Ligand code: CAA
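Residue numbers (the numbering used here): 41 to 445.
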């Protein structure tokens, strides 16, 4: 069968962050709850000049540059987001212009909470497999700002960022395995973002249970389709790393314990060792950015490709995507020989500005209220004048963006 998959990845996040300890102290919570109990370190916080579009464009540019890909080779752009900016006009429409993509390119938005970009990825994979892409490539971008609000239980699990994924029949980074698929969908009210507010409504503990149920449902579906298609069972030794949707680091631990249980490993010591080997090394980027919703699974993949791509060549990894509401998918991917080396994102994370709790609250409120008609921002007032893509506010009901040369 033809090999298709990911040719390049790019990541972008907001310019400012706070430490999770500062947030805990300000809320009168023992910092160990957020650091150990949730597994977080830092949290990205967007200014009003950074939105779903600017981060998506920045990540898209980064993905194109990382593999030296000509933008005119893209003929499908899908932005998966749950931080929409318009009922009608997709984020992809602005990103299409900002990246200078061809006019002969489909540009659409997909939505199912944190699953949206995975859906886009799978559609692009099918398209590449079918041969209809005729040598062209697809750009799939996950871009979100996670908002729960000041003083809520979800507050330490906010974040902001975008991941761009270039899909083609030259999978220089990751081959997506298409022999079996594990799909699970179930209408549940665990987390949603009603049209009349910016912050998510979440039933936190129930959402964790729904996530775990979705692993079970999608993994079992994957196993059934694998048995049907190739008549074999999966041994854990076939999988070098297990990547998950990561709303907060500790969720990956809960997810892996469930995954191991489904595989038949119940010994706690064995399970903990396995977690340390196959999951924990790829949580660092997420722990420093926070929940980026649609992009978080792929941020963990970026982390793995930066730290371990050489030693993973020829090996398979499992990927689990979860979108509240809910829709989930379990699938496998393989790292090819001579995989493309991605630039380390740590220098960019290190160069962000650390803000204190007062500035964090000012930014959170300003970003949440940024979408008002005739409210225009000066990028220098928000310290982002050198960002490659900037949201200037809404003028005459039209969103205004600039791209620095
Ligand atoms: N030292 C160490 N650990 C501590 C501690 C301390 N002093 N105090 C508490 N803890 C531990 C707790 O034992 C708990 O760990 P376990 O779950 O392993 O038992 C952990 O810290 C969190 O404590 P609580 O459960 O009491 O925390 P909480 O009720 O305040 O809120 C939350 C936690 C429900 C995750 C909340 O942050 C939230 O609602 N977040 C948003 C929803 C979310 O992320 N859901 C995830 C699944 S849905 C999804 O994945 C989609 C998505 O992206 C949103």
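Idealized CB from N, CA, C, for every residue including glycine.
Owing to the predicted nature of the structure, the values given are computational and were not obtained by experimental measurement.
Problem - Unbroken beta strand (DSSP E) run spanning residue 198, endpoints - result: Note, residue 198: premise wrong, no beta strand (DSSP E); not H, not E.
Problem - Strand pairing of residue 370, partner residues [DSSP] - result: 222, 360
Handout entry: Contained beta strand (DSSP E) runs [length at least 3] in the stretch 62 to 98, N- to C-terminal order
Key = 82 to 85
Exercise for the section: Compute the minimum distance between the beta carbon of residue 364 and the heavy atoms of the ligand CAA, and state whether it is under 6 Å. Expected result: yes
Exercise for the section: On the DSSP bridge assignment, give the partners of residue 48 in chain order. Expected result: 206
Problem - Straight-line Cα distance separating residue 165 from residue 172 - result: 11 Å
Practice task
Give the range of the beta strand (DSSP E) segment to which residue 115 is assigned.
Solution key: 114 to 120
Handout entry: Limits of the alpha helix (DSSP H) - the one that residue 440 falls within
Key = Counting along the chain, residue 440 falls outside any alpha helix (DSSP H), though it belongs to the beta strand (DSSP E) covering 438 to 443.
Problem - Burial state of residue 99 (16 or more Cβ within 10 Å) - result: Label assigned to residue 99: buried.
Exercise for the section: Confirm the yes/no value for this check: CB of residue 256, any heavy atom of the ligand CAA, distance under 6 Å. Expected result: no
Practice task
Can you tell me which of the three DSSP states residue 346 falls into?
Solution key: helix
Exercise for the section: Could you tell me the distance, in whole angstroms, from the CA atom of residue 112 to the CA atom of residue 323? Expected result: 34 Å
Handout entry: Near the ligand CAA: residue 129 beta-carbon under 6 Å from a heavy atom
Key = no
Handout entry: Proximity test, residue 231 beta-carbon vs the ligand CAA heavy atom, cut-off 6 Å
Key = yes
Practice task
Using 10 angstroms around the beta-carbon of residue 353, count the other beta-carbons present and answer buried if the total reaches 16, otherwise exposed.
Solution key: exposed
Handout entry: Pick from 152, 47, 388, 58 that is closest to residue 395, judged by C-alpha positions
Key = 58
Problem - Residue environment, residue 91, which counts as buried when at least 16 other CB atoms sit within 10 Å - result: buried
Handout entry: Host beta strand (DSSP E) of residue 214 (start-end)
Key = 214 to 216
Handout entry: residue 231 - partner residues in DSSP beta bridges
Key = 242
Problem - Other residues of its chain near residue 330: CB distance less than 6 Å, five sequence neighbours each side excluded - result: 83, 84, 198, 199
Handout entry: Closer than 6 Å: residue 102 CB and nearest the ligand CAA heavy atom
Key = no
Practice task
Assuming residue 86 and residue 185 form a contact by the criterion Cβ under 8 Å, report the distance between their Cβ atoms to the nearest whole angstrom.
Solution key: Right, their Cβ atoms sit about 5 Å apart.
Practice task
Just grab the DSSP bridge partners of residue 184 for me.
Solution key: 201.
Practice task
Using 6 Å as the cut-off, classify the Cβ of residue 197 as near or not near the heavy atoms of the ligand CAA, replying yes or no.
Solution key: Yes.
Practice task
Compute every distance between the C-beta of residue 335 and the non-hydrogen atoms of the ligand CAA, then say whether any falls below 6 Å.
Solution key: No, the beta carbon of residue 335 sits no closer than 6 Å to any heavy atom of the ligand CAA.
Handout entry: Three-state secondary structure (DSSP) of residue 146
Key = strand
Handout entry: Burial state of residue 230 (16 or more Cβ within 10 Å)
Key = buried
Practice task
Report yes if the C-beta of residue 193 is less than 6 Å from at least one heavy atom of the ligand CAA; otherwise report no.
Solution key: yes
Practice task
Let me know the alpha helix (DSSP H) ranges lying completely inside the stretch 242 to 323, each 4 residues or longer, listed in chain order.
Solution key: 244 to 270, 289 to 303, 308 to 318
Handout entry: CB-CB length for residue 431 against residue 94, believed under 8 Å
Key = 5 Å
Problem - Selection from 191, 147, 189 that minimises the alpha carbon distance to residue 177 - result: Residue 147 is the option with its Cα nearest to residue 177.
Exercise for the section: Tell me whether the beta-carbon of residue 259 lies closer than 7 Å to the beta-carbon of residue 370. Expected result: Against a cut-off of 7 Å, the Cβ pair of residue 370 and residue 259 comes out as a contact.
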